[in-house]
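In this text, residue positions in the sequence shown follow numbering that gives the first Met the number 0: the first is 0, and each later residue adds one. Quick reminder that beta carbons are idealized off the backbone N, C-alpha and C, glycines included. On a predicted model such as this, the values are computed, not experimentally measured, just so you know. One structure is given below, encoded as structure tokens.
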Amino acid sequence: MPRPAVTGIDPTPFLTIVLPPILNGGLGRMLVVDWAEFTRQAPDLAASGLRLLGAKGDLIGFIATVARDGRPRMAPVCPILTQGAIYLSVGQDTPKRSDLANDGRYVLHAFLGRSDEEFQVSGRATSVTDAGEKGMVHSAIAFTFDRTDPVFVLDIQRGYWSYWENAGLPGTYPVKKRWSAE
0 MPRPAVTGID
10 PTPFLTIVLP
20 PILNGGLGRM
30 LVVDWAEFTR
40 QAPDLAASGL
50 RLLGAKGDLI
60 GFIATVARDG
70 RPRMAPVCPI
80 LTQGAIYLSV
90 GQDTPKRSDL
100 ANDGRYVLHA
110 FLGRSDEEFQ
120 VSGRATSVTD
130 AGEKGMVHSA
140 IAFTFDRTDP
150 VFVLDIQRGY
160 WSYWENAGLP
170 GTYPVKKRWS
180 AE
């Protein structure tokens, strides 16, 4: 049975709770790192993330973004890891591009591994405007749909990795590791 529409409610307070702004101390600045620094600070999380994203071939995962009206969206992506940073090259006319350009908040999530192993990083994406940097990113991948596709660098604020110990047996328990640039 469909749920009735709710009218007359300002969704902003709910969005603040569900999707909090990624701010450091309310000053409008957030503490973030690139992939290389994330790897130095949280090597076990980074290694697991690369394995789950598919380091032996092309990387693949899902990105959650925030639409202009505040709705969350999710889409498949092929992250590009080069020069110590993680990038996305996205189609010009895609919802991903407009979400990342407008808001920038993201969560990059890998496919699940054995024992429901899970990895994600979150932070803010920034548009790459330097032609040399965009060219370097596009050169790091086997194919590009369009060399004029927008490129975003994913700055990382948080990382999360978990798996189940003794999966399917009595005494199963989750192992969770979190990292934050804060």
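Where the beta strand (DSSP E) containing residue i begins and where it ends
i    : result
E164 : V150 to E164
V184 : Residue numbering for the chain in the displayed model covers 0 to 181; residue 184 lies beyond these limits and cannot be assessed.
F142 : Taken as a continuous stretch (DSSP letters only), F142 belongs to no beta strand (DSSP E), as it is neither H nor E.
G186 : What is shown of the chain runs 0 to 181, which leaves residue 186 out entirely.
Residue i burial status per 10 Å Cβ neighbour count (16 or more: buried)
i    : result
S179 : exposed
R123 : buried
V89  : buried
M0   : Only weak support is given to the placement of M0: the predicted model assigns it a pLDDT of 41, under 50, and the question is left unresolved by the model.
S121 : buried
G167 : exposed
P42  : exposed
P149 : buried
Enclosing alpha helix (DSSP H) for residue i [first to last residue]
i    : result
V127 : Premise fails: V127 is in no alpha helix (DSSP H) and is neither H nor E.
S47  : P42 to L52
R96  : P94 to N101
Nearest-angstrom Cβ-Cβ length linking residue i and residue j, presumed shorter than 8 Å
i    : j    : result
P71  : G60  : Going by Cβ atoms, the distance from P71 to G60 rounds to 16 Å, so no, they are not a contact pair.
G48  : F142 : Between F142 and G48 the Cβ distance is about 23 Å, and since that is not below 8 Å, they are no contact.
L153 : I85  : 5 Å
Among the options, nearest to residue i - alpha-carbon criterion
i    : options                   : result
N165 : R146, L153, R157 and D115 : D115
P75  : T64, T81, I85 and D68     : T64
L51  : Y105, F110, I155 and A139 : F110
Is it the case that the region 121-138 contacts the region 168-177, given that we only count it when at least three CB pairs across the two stretches are under 8 Å? Segment contact: the region 168-177 against the region 121-138, fewer than three CB-CB distances shorter than 8 Å; contact not assigned.
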